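Quick note: the sequence shown uses this note's numbering, first residue 1173, plus one each step.
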Amino acid sequence: TRTPVNVTVTGAAGQIGYALLFRIASGHLLGPDVPVNLRLLEIPQGVKAAEGTAMELDDCAFPLLRGIEITDDPNVAFAGANVALLVGARPRTKGMERGDLLAANGGIFKPQGKAINDNAADDIKVLVVGNPANTNALIAQAAAPDVPAERFTAMTRLDHNRAISQLAAKTGAAVSDIKKLTIWGNHSATQYPDIFHAEIAGKNAAEVVNDEAWLADTFIPTVAKRGAAIIEARGASSAASAANAAIDHVHTWVNGTAAGDWTSMGIPSDGSYGVPEGIISSFPVTTKDGTYEIVQGLDINEFSRARIDASVKELTEERDAVRELGLI
Ligand code: NDP
């Protein structure tokens, strides 16, 4: 029998945590034959609610769930962690400036990065979901000098999945026929969903759509503002779809992309495609055996270049701001 994998989830008592934990425990994160130990990190006020969720997890009698530990101490939560899903974050509240938001999240992600550095397993893989996800991932990564930088990633898979779904709706194609879509840049309103290299049942997606006005005025803003549209409709922010994307991100990272396809992940830039080295930006990547590689050699047209550059500029500004605050 396999040794259980230790999966740490922060913000476990939140909305996304509630949608996420049951799927991890039922085997959707790592596979149907991989047992897991869950470590739930919460702030002290969240511990009781996390205990309630743990009672429900017990009541599911999941065959793969070997243990649940709940704590408000990051050093305990990340001890021996193989996978860490950093979901808990400080949301932007009314009137909050970007600097305040970054500082508040620095207070969360810097100590968590250090705790990962000091306590996690050698093969630790980190996914940051809590916003601003890319820059929170950068803060955590900078606080973990002993962990290879590429183990710190940020989630743009929800944007990726949203873009595939919008493209399927526009063209009448099946979701499963759409490949090689890319999200570039920041998980924010400046993100750029790129269909110029995407394929629909083997045909170039941009040629199938053949409507640049739709791309610029409908597709890109619909994907970028989807979160706000869901809040407007549901009266609460997206949670199940965000949890689903977190599952997809880690599952793909661990188990690999299919031949002839790729995915989107926020990862430390190696300078590819003119994205400054070190910032955590979304790229097209293939994955295999728990590692990923940026898809190289794509032709970037003017339409794409301008949009990638705008999102990357926002990321460099966030990096400069957290540098100024002494967070990296
Ligand atoms: P959610 O579970 O709804 O969201 C958690 C984080 O995920 C937020 O930063 C949110 O960003 C982000 N997020 C990323 N993508 C999405 C998406 N598509 N849709 C919605 N959210 C997205 O928040 P809750 O307030 O329900 O729960 C947060 C929990 O975290 C609380 O239980 C709190 O106690 C805990 N917490 C734990 C910490 C810790 O473990 N040290 C630290 C801070 C908080 P956005 O705000 O932009 O929507």
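The beta carbon of each residue, even a glycine, is placed where N, CA and C say it ideally should be.
Keep in mind it's a predicted model, so treat the numbers as computed, not measured.
**Q.** One or two residues paired with Gly1239 in a DSSP bridge
**A.** Sequence index remark: in the sequence shown, residue 1239 carries index 67 (1-based). Per DSSP, Asn1209.
(Q) As a quick exercise: from Leu1353, Leu1310 and Leu1470, pick the residue whose alpha carbon is nearest that of Ser1337. (A) Along the sequence shown, read from residue 1 onward, the residue named residue 1337 stands at position 165. It is Leu1353 whose Cα lies nearest to the Cα of Ser1337.
Q.
Check this for me: beta carbons of Cys1232 and Ala1197, under 8 Å apart or not?
A. Locating residue 1232 in the sequence shown gives position 60, where the first residue counts as 1. Locating residue 1197 in the sequence shown gives position 25, where the first residue counts as 1. Closer than 8 Å, so yes.
Q: Let me know the secondary structure DSSP gives Met1227 once reduced to three states.
A: In the sequence shown, counting from the first residue as 1, residue 1227 sits at position 55. Here Met1227 sits in helix by DSSP.
Q) Over what stretch of residues does the beta strand (DSSP E) that includes Glu1113 continue unbroken? A) Examination of residue 1113 is not possible in this model, given that the chain is present from 1173 through 1500 alone.
(Q) Assuming contact is defined by CB atoms lying nearer than 8 Å, are Val1300 and Asn1308 in contact in what I supplied? (A) For the purposes of this step, residue 1300 is taken as the residue at position 128 of the sequence shown. For the purposes of this step, residue 1308 is taken as the residue at position 136 of the sequence shown. Their beta carbons are under 8 Å apart, which means Val1300 touches Asn1308 by this criterion.
Q.
Please classify Ile1288 as buried or exposed, where buried requires at least 16 neighbouring CB atoms within 10 angstroms.
A. Counting from one through the sequence shown, the residue named residue 1288 turns up at place 116. Residue burial is scored here from C-beta neighbours: Ile1288 has at least 16 other C-beta atoms within 10 angstroms and is therefore classed as buried.
Q.
Quick check on the DSSP output: the beta strand (DSSP E) that includes Val1179 runs from which residue to which?
A. Stepping through the sequence shown from its first residue, residue 1179 is reached at position 7. Per DSSP, the continuous beta strand (DSSP E) segment holding Val1179 begins and ends at Val1177 to Thr1182.
**Q.** Where Thr1459 falls: helix, strand or coil (DSSP)
**A.** For this step, residue 1459 is matched to residue 287 along the sequence shown. If DSSP states are grouped into helix, strand and coil, Thr1459 belongs with the strands.
Q. According to DSSP, which residues form a beta bridge with Leu1257?
A. Start at 1 with the first residue of the sequence shown, and residue 1257 comes out as number 85. Beta-bridge analysis with DSSP links Leu1257 to Val1181 and Leu1299.
(Q) Does Asn1247 come out as helix, strand or coil in the three-state DSSP assignment? (A) Locating residue 1247 in the sequence shown gives position 75, counting from the first residue. It is helical.
Q. In whole angstroms, what is the alpha-carbon distance linking Lys1460 and Thr1435?
A. Position 288 of the sequence shown holds residue 1460. Position 263 of the sequence shown holds residue 1435. Their backbone Cα atoms lie some 12 Å apart in a straight line.
Q. Hey, Asp1366 and Ser1444: beta-carbon distance below 8 Å or not?
A. The residue you call residue 1366 lines up with position 194 of the sequence shown. The residue you call residue 1444 lines up with position 272 of the sequence shown. Going by C-beta atoms, Asp1366 is not nearer than 8 Å to Ser1444.
Q: Please say whether Thr1182 and Leu1237 have beta carbons closer to each other than 8 Å?
A: By 1-based counting over the sequence shown, the position of residue 1237 is 65. By 1-based counting over the sequence shown, the position of residue 1182 is 10. Cβ atoms of Leu1237 and Thr1182: not closer than 8 Å.
Q) Does DSSP put Asp1366 in a helix, a strand or coil? A) Reading the sequence shown from its first residue, position 194 is the one you call residue 1366. DSSP, reduced to helix, strand and coil, places Asp1366 within a strand of the structure shown.
Q) Using CA coordinates, which residue listed in Ala1400, Arg1174, Leu1213 and Ala1418 is at the minimum distance from Thr1325? A) Here residue 1325 refers to the residue found at position 153 of the sequence shown. Cα-wise, what sits closest to Thr1325 is Ala1418.
Q | Distance CB(Leu1508)-CB(Ile1451) smaller than 8 Å | A | Here the chain covers residues 1173 to 1500 and nothing more, so residue 1508 does not appear.
**Q.** Top-ranked residue by Cα proximity to Val1457, from Arg1262, Pro1448 and Gly1428
**A.** The residue you call residue 1457 lines up with position 285 of the sequence shown. Answer by Cα proximity: Gly1428.
Q. Can you check whether the CB of Ser1453 is closer than 8 Å to the CB of Asn1303?
A. Walking along the sequence shown from the start, residue 1303 turns up at place 131. Walking along the sequence shown from the start, residue 1453 turns up at place 281. It is not a contact, given that the beta carbons lie outside the stated cut-off.
Q) Cβ-heavy atom distance between Gln1152 and ligand 1 below 7 Å? A) The chain is shown from 1173 up to 1500; residue 1152 falls before or after that span and cannot be answered.
Q: Taking all protein chains shown into account, decide if Gly1134 is buried (16 or more other Cβ within 10 angstroms of its Cβ) or exposed.
A: Any property of residue 1134 remains undetermined from this structure, which presents the chain solely from 1173 to 1500.
Q | Per DSSP, the bridge partner or partners of Ile1350 | A | To locate residue 1350, count along the sequence shown from 1; it is residue 178. Partner(s): Ile1372.
Q.
Contact defined as beta carbons within less than 8 Å: I believe Gly1285 pairs with Ala1312. What is the distance between those atoms, to the nearest angstrom?
A. The residue given as residue 1285 occupies position 113 in the sequence shown. The residue given as residue 1312 occupies position 140 in the sequence shown. The pair is a contact, with the Cβ atoms about 3 Å apart (cut-off 8 Å).
Q: Report the residue from Thr1394, Ala1377, Ala1340 and Ala1341 whose alpha carbon sits nearest the alpha carbon of Gln1363.
A: For the purposes of this step, residue 1363 is taken as the residue at position 191 of the sequence shown. Closest option to Gln1363, Cα to Cα, is Thr1394.
Q | Minimum C-alpha distance to Ser1441 - residue among Gly1462, Val1380, Asn1358 and Ile1472 | A | Locating residue 1441 in the sequence shown gives position 269, where the first residue counts as 1. Put simply, of Gly1462, Val1380, Asn1358 and Ile1472 the residue whose alpha carbon is nearest the alpha carbon of Ser1441 is Asn1358.
Q) Grouping DSSP H, G and I as helix and E and B as strand, with all else coil, what is Pro1440? A) Translated into the one-based positions of the sequence shown, residue 1440 becomes position 268. If DSSP states are grouped into helix, strand and coil, Pro1440 belongs with the strands.
(Q) I'd like the list of long-range same chain contacts for Ala1478, defined as Cβ closer than 6 Å, with 5 residues on each side in sequence excluded. (A) Looking up residue 1478 in the sequence shown gives position 306. None.
Q) Quick one: what's Gly1357 bridged to in DSSP? A) Here residue 1357 is taken as the residue at index 185 of the sequence shown, counted from 1. Answer by DSSP bridge pairing, in chain order: Ser1454.
Q) Just how far apart, CA to CA, sit Ala1340 and Lys1297? A) On the sequence shown, residue 1340 is found 168 positions in, with the first residue counted as 1. On the sequence shown, residue 1297 is found 125 positions in, with the first residue counted as 1. Roughly 31 Å separates the two Cα atoms.
Q. Does the segment 1236-1254 come close enough to the segment 1212-1225 to have 3 or more Cβ pairs within less than 8 Å?
A. yes
Q. Can you tell me whether Ser1348 is buried or exposed, with buried defined as 16 or more other CB within 10 angstroms of its CB?
A. Within the sequence shown, residue 1348 is the residue found at index 176, counting from 1. So Ser1348 counts as exposed.
Q.
Looking only at its chain, what residues have a beta carbon closer than 8 Å to the beta carbon of Glu1379, apart from the 5 residues adjacent to it on each side?
A. Taking the first residue of the sequence shown as 1, we reach residue 1379 at position 207. Correct list: empty, nothing qualifies.
Q: Could you pull the start and end residues of the beta strand (DSSP E) that Thr1325 belongs to?
A: For the purposes of this step, residue 1325 is taken as residue 153 along the sequence shown, with counting starting at 1. Its beta strand (DSSP E) spans residues Phe1324 to Ala1326.
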